[in-house]
Amino acid sequence: MNRIMRSVAAAVAGLVVLSACGISADADPRDIAAVNQLPLGIDSDSNAGAATGAAKIYLLAPEVVGESTTLQAVARDVDETPTDLLNSLFAGPNAGENDQQLRTDLPQGLALLSAQIRAGVLVIDVSKELQQLSGQVLISAVAQLVFTGSELSGVRSVKILVEGADQQWPSGNGEAQSDALTIYDYPGLVQSAQPAYPAIPTPAQP
Numbered sequence: 078m079n080r081i082m083r084s085v086a087a088a089v090a091g092l093v094v095l096s097a098c099g100i101s102a103d104a105d106p107r108d109i110a111a112v113n114q115l116p117l118g119i120d121s122d123s124n125a126g127a128a129t130g131a132a133k134i135y136l137l138a139p140e141v142v143g144e145s146t147t148l149q150a151v152a153r154d155v156d157e158t159p160t161d162l163l164n165s166l167f168a169g170p171n172a173g174e175n176d177q178q179l180r181t182d183l184p185q186g187l188a189l190l191s192a193q194i195r196a197g198v199l200v201i202d203v204s205k206e207l208q209q210l211s212g213q214v215l216i217s218a219v220a221q222l223v224f225t226g227s228e229l230s231g232v233r234s235v236k237i238l239v240e241g242a243d244q245q246w247p248s249g250n251g252e253a254q255s256d257a258l259t260i261y262d263y264p265g266l267v268q269s270a271q272p273a274y275p276a277i278p279t280p281a282q283p
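For the record, in the sequence shown the residue sitting at position 86 is 163 according to the numbering used here, with numbers rising by one throughout.
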């Protein structure tokens, strides 16, 4: 009998050792160590390439010495709603776009307070950081908002408020505008994917 009891005890001990080697589920929720956490929306792959998706936002094209600032459309995989699209713009370029030297003139800390489409006008309410800009940087930042907002279905113009208050904003030529802005207020600011037309030959003189 003692031999049988010793065998049973040895078998039980073996099972305990094996179970200790496995990974068991936690009985209660626990915190994740800060070193293992990532901010929401941040991919752990720092080498991520260009974004995909049907939605478009507008960033600043790579700077070229001696040439004017232009905007470039890039894809975003977000819902095509005012809030989602603009928050994607406010997040700035991703890692792949940074590698391509795409930029944004929207200031750090700028927050989207609300965005609604009213009778074809996208009304964007933002925090006061936008008012800290001036000159060409302000023109480019406002143009980013106007071109990105105009990608939304049904939007014909864009009105920008600061904490609920109406403001004047510069058009492409620097003139202050009180009315809602359109992409036509910023001619030549967006890079065109269309190739240049070939030159028309001069008719031969008789």
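Heads up, the beta-carbon is just placed ideally off N, CA and C, and yes, glycines get one too.
By alpha-carbon distance to T146, the top candidate from A220, D262, W246, L238 is A220. In this structure, the straight-line span from the alpha carbon of R195 to that of Q177 is close to 36 Å.
Membership of I216 in the alpha helix (DSSP H) is indicated by the continuous run 212-226.
Between G169 and P184, the alpha-carbon positions lie close to 10 Å from each other. Secondary structure note for S165: its alpha helix (DSSP H) is the uninterrupted segment 159-167.
Residues of the same chain with a CB within less than 7 Å of the CB of L187, apart from the 5 flanking positions on each side, are F167, V203, S204, E206, L207 in chain order. Q185 sits in coil when the DSSP states are folded into three classes, being neither helix nor strand. In the three-state reduction of the DSSP assignment, A152 falls in the strand class, which pools E and B. Residues of the same chain with a CB within less than 7 Å of the CB of Q193, apart from the 5 flanking positions on each side, are P159, V200 in chain order. Looking from the CA of G173, the closest CA among Q254, R233, L136, D182 belongs to L136.
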